[in-house]
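A short worksheet on the structure shown next.
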Amino acid sequence: MLSCPACVIPEEYKKAAEALFPPHGNTGSLEDAFAFANALGIEADYRKLLAMGEVRLEGTSPGPEMQKYLASFRNNLDLLIRKTWVEKTDEDRKEKLQERIPGLMARINNAEYHAALEEFSAVLEELAWLLFGAQSRKDDFTEYTFRIDTQMGLFWWYAGHINRILPELKDRTITRAILLLGICYLTGF
Numbered sequence: 002m003l004s005c006p007a008c009v010i011p012e013e014y015k016k017a018a019e020a021l022f023p024p025h026g027n028t029g030s031l032e033d034a035f036a037f038a039n040a041l042g043i044e045a046d047y048r049k050l051l052a053m054g055e056v057r058l059e060g061t062s063p064g065p066e067m068q069k070y071l072a073s074f075r076n077n078l079d080l081l082i083r084k085t086w087v088e089k090t091d092e093d094r095k096e097k098l099q100e101r102i103p104g105l106m107a108r109i110n111n112a113e114y115h116a117a118l119e120e121f122s123a124v125l126e127e128l129a130w131l132l133f134g135a136q137s138r139k140d141d142f143t144e145y146t147f148r149i150d151t152q153m154g155l156f157w158w159y160a161g162h163i164n165r166i167l168p169e170l171k172d173r174t175i176t177r178a179i180l181l182l183g184i185c186y187l188t189g190f
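Those letters in the sequence shown? Residues 2 to 190, by my numbering.
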């Protein structure tokens with residue numbers, strides 16, 4: 002499991018992380034999401050992404066810009082899954098993860114942000130396994146990724162905290178913002 006409640010976040014990211022994902026319930030604001038995106042190094046792209054289709058209603062298709070962006074996200078995610086070398090025993094795992102992507106994309110396209118974020122969390126957990134193997138299930142996984150690259154570590158910290166905040170997410174705008182953080186990061190990964 003990606004969860005790492007006790008892992009140490011480098012000081013330069015701690016404020017942004019704890020503002021968006023407070024340790025004792027609730028979630029942060031849109032401004033906190035922008036600060037988190039800045040810490041991830043994706044703020045400019047994230048602001049553009051949030052602006053795409055922001056006024057779109059549930060059940061309507063995303064605009065052409067968002068459709069193009071989501072196609073890039075899907076292509077990059079597909080590439081990450083297909084091109085990651087794994088042991089023969091994990092080939093089935095890759096295929097099953099690949100089969101989850103259409104459902105995730107349908108939820109995103111249908112503006113079902115809470116369900117999409119839940120599915121995205123499961124996809125990230127499997128993606129972590131493909132990229133990092135058994136290390137992704139260890140208690141020090143997030144700290145391990147921080148040692149590789151601090152922004153990548155922050156991303157995997159985010160991935161590990163999604164499930165913790167899902168029950169508390171009631172605000173559609175914040176749910177969408179948190180989902181789009183991961184989409185934006187992985188699109189440029």
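For every residue, glycine included, the Cβ atom is placed at its ideal position computed from N, Cα and C. Just so we're clear, the structure is a prediction, and the values are computed from it rather than from any experiment.
Your pair Val9 and Glu144 checks out as a contact, with CB atoms roughly 6 Å apart and the cut at 8 Å. When the beta-carbon positions are compared, Ala38 and Cys185 come within less than 8 Å of each other.
In the three-state reduction of the DSSP assignment, Val9 falls in the coil class.
Asn77 places its beta carbon 8 Å or farther from that of Glu169. Ala107 counts as exposed, since fewer than 16 other C-beta atoms from the protein chains shown sit within 10 angstroms of its C-beta. Taking 8 Å as the cut-off, the Cβ atoms of Ala36 and Ala17 count as close. Boundaries of the alpha helix (DSSP H) harbouring Gly161: 151 to 166, taken from the DSSP string. Spatial neighbours of Gly104 in its own chain (CB-CB distance under 7 Å, excluding positions within 5 residues in sequence) are listed in chain order as Glu120.
Less than 8 Å divides the Cβ of Leu167 from the Cβ of Leu118.
For Phe121, the secondary structure class from DSSP, reduced to helix, strand or coil, is helix. Per DSSP, reduced to three states, the secondary structure at Ala112 is coil, with no helix or strand assignment.
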